[in-house]
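So for the sequence shown, this note's numbering puts the first residue at 27; every next one is plus one. Where a beta carbon is used, it is the ideal one built from N, C-alpha and C, also for glycine. Okay, structure first, notes after.
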Amino acid sequence: MRKKIKMDIDACKPRMVMAETIYSDYGAVIVWENTVLDKLTINRLKIFGIEKIWVYEYDESDEEPEESKPRSETEVFSDSYENDTEQFKTILYDLSAGKTVSIEKTVQIADSIYAKKDQRRKIIECITQMRKVDEYTYYHSINVSMLAMLIGKWLRLRPEDNHLLVQAGLLHDIGKSRIPAAIINKPGKLSDEELDEMKKHSEYGYYIVQYMEGIDRRVQEAILYHHEREDGSGYPIGLKGEQIPLFAKVLAIADTFDAMTADRAYKMKNTPFEVFQLMQNDCFGYLDTIILNTFLSNISHYYIGSKVRLNDGRIAEIVYINSQQYGKPVIKIGDEYIDLMAAKGLKIEELI
Ligand SMILES: [Fe+2]
Ligand SMILES: [Fe+2]
27 MRKKIKMDID ACKPRMVMAE TIYSDYGAVI VWENTVLDKL TINRLKIFGI
77 EKIWVYEYDE SDEEPEESKP RSETEVFSDS YENDTEQFKT ILYDLSAGKT
127 VSIEKTVQIA DSIYAKKDQR RKIIECITQM RKVDEYTYYH SINVSMLAML
177 IGKWLRLRPE DNHLLVQAGL LHDIGKSRIP AAIINKPGKL SDEELDEMKK
227 HSEYGYYIVQ YMEGIDRRVQ EAILYHHERE DGSGYPIGLK GEQIPLFAKV
277 LAIADTFDAM TADRAYKMKN TPFEVFQLMQ NDCFGYLDTI ILNTFLSNIS
327 HYYIGSKVRL NDGRIAEIVY INSQQYGKPV IKIGDEYIDL MAAKGLKIEE
377 LI
């Protein structure tokens with residue numbers, strides 16, 4: 027039988043194997059027995075304040091020589107992204123345990139996200155990749171936060187304001203913690219009553235952050251108004267155009283983009299172009315036109331040079347994106363250039 031040893035969490039190394047299941051104070055499993063530890067898991071245990079754990083005896087010769095290798099930028103980025111998500115989960119655990127949201131924790135995660143502000147390409151790749159369905163809310167919050175930050179940069183907001191926007195993105199759906207899980211996780215369409223309940227999440231979120239000490243008023247308002255729409259069709263109040271605060275307008279765009287991208291990712295059709303198209307055409311009048319154009323023109327630019335598969339099976343390269351139709355770029359196949367705006371029946375099926 028393998029021998030168990032008790033170790034300080036700081037002395038634990040990736041590849042060690044858990045010899046016990048660790049539960050949070052609320053009875054949720056943090057790590058199962060027999061899990062092979064990695065940096066993220068060790069970090070998660072630390073976040074939960076676990077100091078010592080039982081692991082199976084560890085043979086030093088098992089140690090991964092890779093540990094000494096420098097890690098690629100992508101690895102560092104995705105570790106940090108996963109870590110932000112884990113940290114954000116602890117905010118939700120606190121809430122479900124009846125505690126208030128900690129401004130320190132919020133600022134800490136916002137700092138970590140803000141530190142990635144110049145890694146735009148990585149952020150965009152990260153958001154449009156496949157994600158774990160069951161963890162949607164967590165990743166969605168981090169993604170909206172990162173997207174709002176990109177928009178903030180493209181709008182040339184002051185760094186202090188952009189940092190607040192990151193916080194607003196993180197907390198925008200925090201009110202969903204008050205919505206019954208049966209509604210949140212319902213696979214099919216919501217009934218009218220359920221939808222009405224769901225729509226209360228922006229108000230619930232506002233109540234949650236109302237008495238949070240040290241939070242900026244604009245962050246609170248952005249949470250309350252992130253579902254308001256330019257034409258007054260949104261909720262909770264039905265504010266119109268200029269009545270909607272800037273932060274809420276930015277969140278509305280970041281939120282819509284991430285929700286549409288996720289929706290498509292689940293269907294295994296991961297084309298941002300489809301989302302650009304939908305946002306440009308179907309959201310006209312709902313989302314602030316200037317901010318939406320700033321967003322689409324900047325984000326679409328990152329896909330120039332990407333390879334795509336068309337619905338006729340051919341592989342093409344994106345060479346030019348027309349601001350009239352962000353979803354229908356000019357593509358190149360061999361020596362041939364095709365403008366998808368003019369090519370009837372031809373469309374992008376998949377990003378490869
Ligand atoms: Fe929302
Ligand atoms: Fe949202």
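By the neighbour-count criterion, in which 16 or more other beta carbons inside 10 Å mark a residue as buried, residue 97 falls on the exposed side. DSSP links residue 108 through a beta bridge to no other residue. Not one heavy atom of ligand 2 lies closer than 6 Å to the C-beta of residue 242.
Between residue 164 and residue 116, the CB-CB gap reaches or exceeds 7 Å. Under DSSP, residue 310 shares a beta bridge with 313. In the DSSP assignment, residue 55 falls within the beta strand (DSSP E) that extends over 55-57.
Closer than 6 Å to some heavy atom of ligand 1: that does not describe the Cβ of residue 284.
Residue side-chain check: residue 199 places its Cβ nearer than 6 Å to a non-hydrogen atom of ligand 2. Per DSSP, the beta-bridge partners of residue 374 are 336. Using a 10 angstroms sphere on the CB of residue 78, the tally of other CB atoms stays under 16, which defines it as exposed. For the pair residue 195 and residue 216, the Cα-to-Cα distance works out to about 25 Å. Here residue 346 is exposed: its Cβ has fewer than 16 other Cβ atoms, across all protein chains shown, within 10 Å. As the crow flies, the alpha-carbon of residue 239 is around 7 Å from that of residue 129. Using a C-beta cut-off of 8 Å, the stretch 67-76 makes no contact with the stretch 120-138, since fewer than three inter-stretch Cβ pairs fall below that distance. Under the three-state reduction of DSSP, residue 172 is assigned to helix. By the Cβ criterion, the stretch 142-154 is not in contact with the stretch 208-227, since fewer than three pairs of Cβ atoms, one from each stretch, lie closer than 8 Å. When C-alpha distances from residue 284 are compared across 266, 147, 104, 171, the shortest belongs to 171.
Residue 35 and residue 102 have their C-alpha atoms spaced approximately 21 Å apart. Boundaries of the beta strand (DSSP E) harbouring residue 342: 341-346, taken from the DSSP string. DSSP places residue 34 in the strand class (E or B) of the three-state scheme. When the Cα atoms are used, residue 43 and residue 62 turn out to be separated by approximately 5 Å. Looking at the backbone, the Cα of residue 191 and that of residue 336 are separated by about 37 Å. Taking one beta carbon from each stretch, the stretch 272-280 and the stretch 129-147 have fewer than 3 pairs nearer than 8 Å; the two do not touch. Relative to ligand 2, the beta carbon of residue 281 is positioned inside 6 Å of a heavy atom. Annotated three-state conformation of residue 127 is coil, per DSSP. The three-state secondary structure of residue 225, taken from DSSP, is coil. Between the alpha carbons of residue 37 and residue 30 lies a distance of about 15 Å. Judged by beta-carbon spacing, residue 279 lies beyond the 7 Å limit of residue 197, meaning their Cβ atoms are not closer than that value. Around the Cβ of residue 308, a 10 Å sphere holds fewer than 16 other Cβ atoms; the residue is exposed.
In this structure residue 305 is not in contact with residue 277, their Cβ atoms being roughly 14 Å apart against a cut-off of 8 Å.
Contact annotation: residue 363 and residue 326 have beta-carbon atoms that are not nearer than 7 Å.
Only exposed fits residue 264, as fewer than 16 other CB atoms lie within 10 angstroms of its CB.
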